[in-house]
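Taking it in order: structure first as structure tokens, then the write-up.
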Amino acid sequence: MILYVAIAFALQTVRVDGESMMNTLQNQDLLLASKISYDFGGNPQRGDIVILIPPTIPSQDFIKRVIGLPGDVIEIDGDHNPTEVLIKPDGKGPFQVLKEPFLPQAWTTLKYCCTSTGMATSTPQPVTIPANEYFVMGDNRNFSSDSRVFGFVPRKNILAKAILRIWPLDHFGGLGAGPSLEPVTNAALALPALVIAGFESWRWRRRRMRRLAAARTEQVSTEPLD
Numbered sequence: 003m004i005l006y007v008a009i010a011f012a013l014q015t016v017r018v019d020g021e022s023m024m025n026t027l028q029n030q031d032l033l034l035a036s037k038i039s040y041d042f043g044g045n046p047q048r049g050d051i052v053i054l055i056p057p058t059i060p061s062q063d064f065i066k067r068v069i070g071l072p073g074d075v076i077e078i079d080g081d082h083n084p085t086e087v088l089i090k091p092d093g094k095g096p097f098q099v100l101k102e103p104f105l106p107q108a109w110t111t112l113k114y115c116c117t118s119t120g121m122a123t124s125t126p127q128p129v130t131i132p133a134n135e136y137f138v139m140g141d142n143r144n145f146s147s148d149s150r151v152f153g154f155v156p157r158k159n160i161l162a163k164a165i166l167r168i169w170p171l172d173h174f175g176g177l178g179a180g181p182s183l184e185p186v187t188n189a190a191l192a193l194p195a196l197v198i199a200g201f202e203s204w205r206w207r208r209r210r211m212r213r214l215a216a217a218r219t220e221q222v223s224t225e226p227l228d
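Quick note: the sequence shown uses the numbering used here, first residue 3, plus one each step.
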């Protein structure tokens with residue numbers, strides 16, 4: 003009985019309803035979620051798949067992926083192809099691009115962000131995520147009601163972390179790798195940089211050939227006559 007109560011307190015099963023997390027999760031997948039993952043000093047991390055209460059619909063539970071953390075500066079720029087999620091972790095340094103190879107298709111809706119409350123905009127606008135709040139999205143971006151619709155999610159609204167798929171049996175196991183951050187590549191600067199690098203390499207080779215030619219000339223001129 004004690005073991006049963008402990009397990010019931012720590013874990014819960016979650017049935018996926020809808021397609022907002024495809025292709026990572028399918029409609030009607032049964033998941034095991036930890037209700038205590040964040041109760042002992044830990045906090046949600048980027049890439050975690052979490053069960054949450056959306057701020058505008060307190061009677062429902064949603065399942066989404068954590069994208070932005072408290073203190074991050076986040077911007078979504080749909081002028082790029084594909085749409086880019088840009089993040090300054092903890093608000094420091096230059097923007098980095100969020101790489102998400104698990105997205106099922108090109109992202110064409112709600113592809114600009116964010117207002118001061120974290121919702122979608124008509125142009126890319128950076129915003130700092132407030133303390134104790136998170137920015138979440140579904141993996142199936144064209145069919146997901148998430149922070150772009152209801153704004154940042156308070157920490158107290160995040161109920162559990164999904165950790166394992168237990169049904170269907172042929173998909174039993176973990177939930178896959180999360181996103182990664184990579185430096186922004188500025189195509190406008192890349193070509194000039196390559197030209198400069200090529201020119202410098204050519205100058206170095208030319209100077210080396212001149213030194214070799216000069217060394218050969220000196221060697222010939224100083225050889226003793228027979």
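Glycine included, C-beta positions come from ideal geometry on N, C-alpha and C.
Note that the coordinates shown come from a computational prediction; the quantities given were computed from them, not determined experimentally.
What are the start and end residues of the alpha helix (DSSP H) that includes alanine 10?
4-12
Have a look at glycine 20 and asparagine 29 and give me their C-alpha separation to the nearest angstrom.
5 angstroms
For proline 60, count neighbouring C-beta atoms within 10 Å of its own C-beta (all shown protein chains included) and say buried if the count is 16 or more, exposed if not.
By the 10 Å Cβ count, proline 60 comes out exposed.
Note down, one range per segment and in chain order, each beta strand (DSSP E) of at least 3 residues found wholly within the segment 49-132.
51-54, 64-70, 75-79, 86-90 and 98-101
Less than 8 angstroms between C-beta atoms, sequence neighbours within five positions excluded: which residues of the same chain meet that for glycine 178?
Closer than 8 angstroms at the Cβ level, and outside the excluded window around glycine 178, lie Thr26 and Phe104.
Alpha carbon to alpha carbon, what distance is there between threonine 117 and leucine 13?
If you take the alpha carbons of leucine 13 and threonine 117, they lie about 35 angstroms apart.
Can you tell which of Ser36, Arg17, Met24 and Leu32 has its C-alpha closest to the C-alpha of alanine 8?
Ser36
Please report the residue range of the beta strand (DSSP E) in which serine 182 lies.
182-185
Strictly under 9 angstroms for the Cβ-Cβ distance: is proline 46 near chain B by that measure?
Judged by its chain identifiers, the structure shown contains no chain B, having just a single protein chain.
Just how far apart, CA to CA, sit glycine 93 and aspartate 74?
5 angstroms
Is it buried or exposed, asparagine 159, if we count other Cβ atoms within 10 angstroms and call 16 or more buried?
With 16 or more Cβ atoms within 10 Å of its Cβ, asparagine 159 is classed as buried.
N-terminal and C-terminal residue of the beta strand (DSSP E) that serine 36 is part of:
32-36
I'd like to confirm the pairing. Which residues does DSSP put opposite isoleucine 160 in its beta bridges?
Leu54
Taking DSSP as the reference, what is the three-state secondary structure of valine 151?
Reduced to three states, the DSSP call for valine 151 is helix.
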